[in-house]
Structures are given as structure tokens and as C-alpha cells.
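Residue numbers (my numbering): 7 to 431. What follows is a short report on a single structure.
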Amino acid sequence: MIKVTAVRPESIGAELGLVPGSELVSIDGRELEDFLDWEFLSAEERFILHVRQPDGTEVEFDIERPLDEGMGLSLEPVRIRRCANRCDFCFVDGLPEGLREVLYIRDDDYRLSFRYGNFATLTNLKPRDVERIIEYRLSPLYVSVHATDPVMRRFLLRNPTAPEIIPQLRYFADHGIVFHTQIVMSPGVNDGPVLEQTLRDLYEFGDAVMGCSVVPVGLTEFSKHHLVREPTAEECRAAIRQIEVWSGRAQRERGLHWAFGADELYMRAGVELPPPEIYDGFEQVENGVGSVRWLQQQIALGAPELRGWEGRRIGVATGTAMGRLMPQVLEPLARATGARFELITIENSLFGTSVTTAGLLPGVAFQRALKGRTDLDLVLLPAESINDDGLFMDSMTVDLLGASVPMEVRFSKTFTDALLEPVAA
Ligand code: SF4
């Protein structure tokens, strides 16, 4: 059963008399569990929808509509599948106390993997989930492999009952599912020979594994430092050398680069980022793999269209990780627009200085850095630093931040997306 939360006026849903609180029970006799069932089972021109109205009456509608006409319903948010693992490097364990409750949920959900590209370990799948992945063709899936050796993987996940990943992937691949994979590299555990074996196993798996990224483990001040540590520069360089060997082989044999290092791996290694063409279409850009090169491409595409910024003073607030790479990103933007950009790198006052990513900066850190900066016309903040409700990690609202700093604030993914309209003179 799925609850309706809103009904668009004049939509089919409204004509049927559905209202917020109506429960969608089944389609053609098949029970509805979540948005996946709804989307796939209602993707027919004709179907029987069983609904329970808020007053308890049950109604069956025989629906016939053109495929391009939606039902006009908004549904309750999906109940997120909890994770069955206890990784030493789990980000949730690395959160300070007192944040929003939802941030402490360890999610490991194949549905979100399919829909949003969230990585899932597939360790909590029930037989019904396996059936749904195949029936609905949930592909590609984004899978956290970490290690293909079952003993090592169970150790990394701290889950003695985690199923073996290669047979699991094989079963799905035999049914037409493909994967993007990642390895979170924990030094002394799954780097070196374990990393080599994992890359080999995934590569030899064949076309169903579309690529594999290696991401260095990231810790906060609150993580389990007695159990896990971050890699040294030399350990990151060693991983990059391994990745490059597999990437070279993939190019020769498959015309793909296939193996990628996260930007963070290169930054920690002190090695220049590779060129944009090695990222095979930036499939893992949301995972921090090729983000800088992707950003540069977006700027090259969008900057020539921007007008009205000559002489304007624009602050770009970001975390310390991107801060190091940002000058090479901003320079062409400044040239194309005639604006003066000032990079404002901000340390993370919530998680500690070891957390360098912009997306985890709290509102209060931006507020402190921007207070009294009357010399700026505009400040650009990373779009990933707020959630869909406009809240920063520390629950500060966008409105509160905007009211407490002296310049206009805009959120941006590519910089150019936030500069289409000039600020008021
Ligand atoms: S898989 Fe590991 S890192 Fe991911 S949520 Fe579960 S415990 Fe945390």
C-alpha cells in the first residue's frame, strides 16, 4: 500500500476523486509496496487500480489513458531500506551527535541505487527484491564491492553473512542487469594485492561491469580511528598505478577506460588529475569521480553564453578539498565573464578539518566566512551542501543564511547554472 500525499488539480487522479491520504492498494491484483511497483505496474494504457479512501471505502477503478498522460499523484517518501553491515569506515558512525535524525539512517537500498545512483552493497536483498530487480530490469545498479574475496569483503563490511558478490552479480548479469562498481579503499586492508584481485575479478567479469572506481576511505573526527585510517600519499599513488594498468588494458581490449580513481585519490596522492576523456562519460561523477574535469567541461560549454557580469565581484565558497583545484576551474570563467572571482575555502567546523568536501559544510561555517563581506556582489555556494528542503547539515535554513550575510546567495552545481541572470545593480 502506498499513500498519496498530493493530487494535481485536473489530473486523472483528481477526476477519480483521489485525495491526500488515499491509499493505492494494488494494480491488476498485485499489491503495491513502493514507488517502483507503482511506476512499473501503472506504465500500461489500461489497468485496474484498487484504492482505499481516507474514510475506509474501497474502490476499484478501471483506468484507460494515453501513456503520456500521468496520473497526477505525489506519493509518500519511500521507507528507506536499512543497511545490514557495520563497516569501520561508515560515514554514519562518523557523524557528530545532535544532527537531524534522518542523517543517522544507514541506508543500503537497491531502489535508490537504480533511481539516484546511490551505491548499495546488495547484502540485504530478500528473494522478492531479487525478483523485482530482474522483473523491473533495475539497471544499471551502483554496487559497493570493496573486495571480491568473500572473506575480505565480510571483514570490510563487518557482516559475517554477507553473500558472495561475484555469484550475486553473475546471477543478475545473466538476467540482463549491468553495474557501476566502487571500491572504498581502506589502507592495509583492501589495497595492494586485494585491490589487484578485486579489479581483476571485476574486469574479467565482462561487459556487465561497466566500470570500477577506487575511492580512498574518508574519516571524520568522530570515526573509529583505532580501527581504520586514511591512506598516505604513497598508498594513493600505488593505487593510481594499479588503476592505470587496468585502464590501459580496458582501452586496448574494450575501447573503454573502465577503471577510475576518485578525484580525492589524486588529490591525496599529489598527482595531477587525468584528462576528461578517461572518465567514459562521467558515469560516477556524483561519486566524486571526475568531478573537477566535468565541472571544467560544463564551464567551457556554458560560460560563453553568460552576459552582464563585467566587473562584478563573486565569491565562491567551497570546502578545502576543491579549494586546491578551484583556481584552474575559475580562471576560464573569469576570462569569459569579465567578473572577479574570489575563492573562499572553508574548514568544516562540524565534522573536523579532515572532512574537506563542500557538500558536508554546515550553514554556520558559511555564515561565519561570509559575515561582513560587503565587498562581494554575490556568493556561490555548492548545491550539494543543502538537501531538498533547503537545510544545511546543521539544519540551518537557506533563508536564515541569506538573511545573515550582506550579499545575494545562490546555489550552484556548475557555476554557469547560477550566473544566467546577473545580480541587480
Ligand atoms: S555499507 Fe557500510 S558504509 Fe555503507 S551504510 Fe552500511 S555500514 Fe555504513
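In this text, a Cβ means the ideal position worked out from N, Cα and C, and glycines have one as well.
Taking just the CA atoms, how far does ASN393 sit from SER145? Approximately 26 angstroms between the Cα atoms of the pair.
Would ARG274 and GLU316 be called neighbours here (beta carbons separated by less than 9 angstroms)? Result no, Cβ atoms of ARG274 and GLU316 do not sit closer than 9 angstroms.
Along the beta strand (DSSP E) that carries GLU390, what are the first and last residues, could you check? Premise fails: GLU390 is in no beta strand (DSSP E) and is neither H nor E.
Can you give me the start and stop residues for the alpha helix (DSSP H) that CYS89 sits inside? Premise fails: CYS89 is in no alpha helix (DSSP H) and is neither H nor E.
Contact between the stretch 223 to 230 and the stretch 360 to 372: three or more CB pairs below 8 angstroms? The stretch 223 to 230 vs the stretch 360 to 372: in contact.
Whole-Å CB distance - VAL31 paired with VAL57, under 8 angstroms assumed: At roughly 6 angstroms, the Cβ-Cβ gap stays under 8 angstroms, so VAL31 and VAL57 are in contact.
Inter-residue Cα distance where the pair is LEU425 and PRO310: Roughly 11 angstroms separates the two Cα atoms.
Every unbroken alpha helix (DSSP H) inside the stretch 103 to 138 [4 residues or more]: Those alpha helix (DSSP H) runs which fall completely within the stretch 103 to 138 and span 4+ residues are 116 to 122.
Which partner residues of GLY215 appear in the DSSP bridge assignment? Contrary to the premise, residue 215 reads as Val rather than Gly in this sequence. Beta-bridge pairing links VAL215 to PHE185.
If you check the beta carbons only, do GLN187 and ASN165 fall under 9 angstroms apart? Gln is not the amino acid found at residue 187; the sequence shown has Thr there. No, Cβ-Cβ distance for THR187 and ASN165 is not below 9 angstroms.
Three-state secondary structure (DSSP) of ALA268: If DSSP states are grouped into helix, strand and coil, ALA268 belongs with coil.
Residue ranges of each beta strand (DSSP E) within the stretch 146 to 200, 3 or longer: Listed in chain order, they are 147 to 150, 185 to 191.
Measure the beta-carbon distance from SER391 to ALA364 and round it to whole angstroms, keeping in mind my assumption that it falls under 8 angstroms. With a beta-carbon spacing of about 6 angstroms, SER391 and ALA364 fall inside the 8 angstroms limit used to define contacts.
Please list the terminal residues of the continuous beta strand (DSSP E) segment that includes LEU376. Element bounds for LEU376: not the beta strand (DSSP E) but the alpha helix (DSSP H), 369 to 376.
Would you call LEU162 buried or exposed, if buried means 16 or more other Cβ atoms sit within 10 Å of its Cβ? Burial call: buried.
Indicate, with yes or no, if the ligand SF4 has a heavy atom lying under 8 angstroms from the CB of GLY17. Inspection of the sequence shows that residue 17 is occupied by Ser rather than by Gly. Every heavy atom of the ligand SF4 is 8 angstroms or more from the Cβ of SER17, so no.
For a minimum of 4 consecutive residues, which ranges assigned as the alpha helix (DSSP H) are wholly contained in the stretch 228 to 300? Entirely contained in the stretch 228 to 300, the alpha helix (DSSP H) runs reaching 4 residues are, in chain order, 239 to 260, 269 to 275.
For the beta strand (DSSP E) holding GLU64, just list the boundary residues, first then last. First-last of the beta strand (DSSP E) with GLU64: 64 to 70.
List the residues that DSSP assigns as beta-bridge partners of THR324. THR351, per the DSSP bridge assignment.
Do the CB positions of LEU382 and MET413 come within less than 9 angstroms of each other? Yes, the Cβ-Cβ distance between LEU382 and MET413 is below 9 angstroms.
Identify, in the order they occur along the chain, each residue of the same chain with its Cβ nearer than 6 angstroms to the Cβ of CYS53, setting aside the five sequence neighbours on each side. Note that residue 53 is Phe in the sequence shown, not Cys. Cβ neighbours of PHE53 beyond the five flanking positions: ILE33, ASP34, ILE69.
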